[in-house]
Every structure is written in C-alpha cells, then in structure tokens.
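Single-structure report; data block below.
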Amino acid sequence: MQKEIFKKILEERFSCREFQEKLLSKEELDYILEAGRLSPSSLGLEPWRFIVIEDSKTKQEIAEIANSQKHVAKCGAIIIVAARLDFGEYFVKKLQSRNMSKEELQKRIELYKPFIESMNPTQKLHYAREQTFLALGNLANGATALNLGSCIIGGFNNEALDIYLKLDTSKEKTSIMLVVGHKKTDEIPQKIRFPKEEVIDFSKNL
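Each residue of the sequence shown is one higher than the one before, starting from 1 at the first, in full-length UniProt numbering.
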C-alpha cells in the first residue's frame, strides 16, 4: 500500500505554472517543510535553511530576480533553499548529539573532520548545494502528497537574491527555489521520461 502511494506521488508531481491566488494553510506549509527537514544529507550535516515567502509584494520582487517568471509571483508560497556553508562549525556538536559510543564518535571525528576542514569556500558551496537538492525533492513530493502544485525554480540571479535577502554569504548562499500553491487545474500533463534501458545499466556488474 505504501509503495503504491509513493508511486502515485512520483507519477503525479509536475512543474505547475498556473496557481490560484490563494495562500497555503499553516498545516499545509508545515507538512511540506517537515518533508524537507526530514531529508537525508551527507554526514547528517543538514546544510540547508528554508526561507519561506508568503507576502505578495516580496513574491513579486523575487519574481523579478527570477527572470520575471509569473508563477513565482502568483504562487501560494516561495520556499528558498539556502546552502549553509558553516557546517564545519557544528559538525562535531551534531555528531555528539547522536547516540554512539565515545570510541565511535572519536573515530568519525578523526575520519571526517580533516575532509571538512580541507574544503575551500567554493568546495563548501558545491558540497552543501548538492545536499539541498535532496531536501528539494522531498519538499516537492510533500506538496504533491497534499494535491498541491509545485515548480522548481533554478533560473534566478543567486547573487542578487542573496543581497535582497540580506544573507551573510560567509555562512549561507541561495541554492534553489520551490514555488508551491493550489493548482488552477487538476489536469496532470503526460510525464515523459527516458525508457529504463537508457538510464539503468546492469551490464557493468563484476
């Protein structure tokens, strides 16, 4: 039963560009954000922050930064996923919060801390940004589970949005956006994907 529900969500999610001019309820928004919060991440670092925009004027101004895409201005809410760059500062504390032995804790610190500390700012951004897409998928599927529409927005000026949001870019930078809202229509476009034979390869098993 659960696998059928999940498959239905995957089949019915699409890039919605026509929303009703209606805000999401607190319960709907909380559900979607919780789906993002519970997402997996490399080393359990959760290097993301969700910035939620519901105000009409702010949505319009962000839409202008996003190449004037109308559905960014007309959605129920914009969820901006920022990539955290300060994960090195809380890495050890986060490990300590997990239920593991002192020996295992020390082993992981010795294994991963040099890797984290060796990253330059560009590498930190790439590493954190890759994790934000894990959260993004769950945010989008969470919206679909509520029969809401969503659209992933990658076409925007990151630097301009960082400035607009007054982010401390030494600690975080915008990565990706998701617009969510009540769909104008329940019609689901045909989902076009490559056939399995083109994307799945078992031939290299040794």
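Every residue gets a Cβ at the ideal spot worked out from N, C-alpha and C, and that includes glycine.
From a predicted model like this one, the values you see are computed outputs, not experimental measurements.
Beta-carbon spacing of residue i, residue j below 9 angstroms
i, j, result
"residue 73", "residue 83", "no"
"residue 165", "residue 32", "no"
"residue 178", "residue 79", "yes"
"residue 59", "residue 92", "no"
"residue 39", "residue 137", "yes"
"residue 108", "residue 119", "no"
"residue 148", "residue 61", "no"
Assumed close pair residue i, residue j - CB separation to whole angstroms, cut-off 8 angstroms
i, j, result
"residue 130", "residue 88", "With 8 angstroms as the limit, residue 130 and residue 88 do not qualify as a contact, their Cβ atoms being about 16 angstroms apart."
"residue 203", "residue 180", "So it is not a contact: roughly 40 angstroms between Cβ atoms."
"residue 81", "residue 132", "5 angstroms"
"residue 85", "residue 171", "6 angstroms"
"residue 125", "residue 173", "6 angstroms"
"residue 182", "residue 20", "4 angstroms"
"residue 15", "residue 152", "7 angstroms"
Residue burial classification, residue i (beta-carbon count within 10 angstroms, cutoff 16)
i, result
"residue 54", "exposed"
"residue 196", "exposed"
"residue 47", "buried"
"residue 44", "exposed"
"residue 13", "buried"
"residue 25", "exposed"
"residue 175", "buried"
"residue 146", "buried"
"residue 22", "exposed"
"residue 192", "exposed"
"residue 111", "exposed"
"residue 163", "exposed"
"residue 200", "exposed"
Best match in the options for proximity to residue i [C-alpha to C-alpha]
i, options, result
"residue 7", "144, 100 and 196", "144"
"residue 139", "30, 168 and 26", "30"
"residue 155", "70, 27 and 24", "70"
"residue 76", "97, 125 and 18", "18"
"residue 189", "10, 102 and 93", "10"
"residue 49", "104, 56, 37 and 42", "37"
"residue 5", "153, 141, 163 and 183", "141"
"residue 158", "15, 67 and 187", "67"
Segments of 4+ residues assigned as alpha helix (DSSP H) that fall wholly inside the stretch 50 to 106: 56 to 65, 70 to 74 and 87 to 96
Every unbroken alpha helix (DSSP H) within the stretch 164 to 203, with a cutoff of 4 residues, ordered by chain: 196 to 199
Minimum length 3: unbroken beta strand (DSSP E) runs contained in the stretch 102 to 165: 149 to 153
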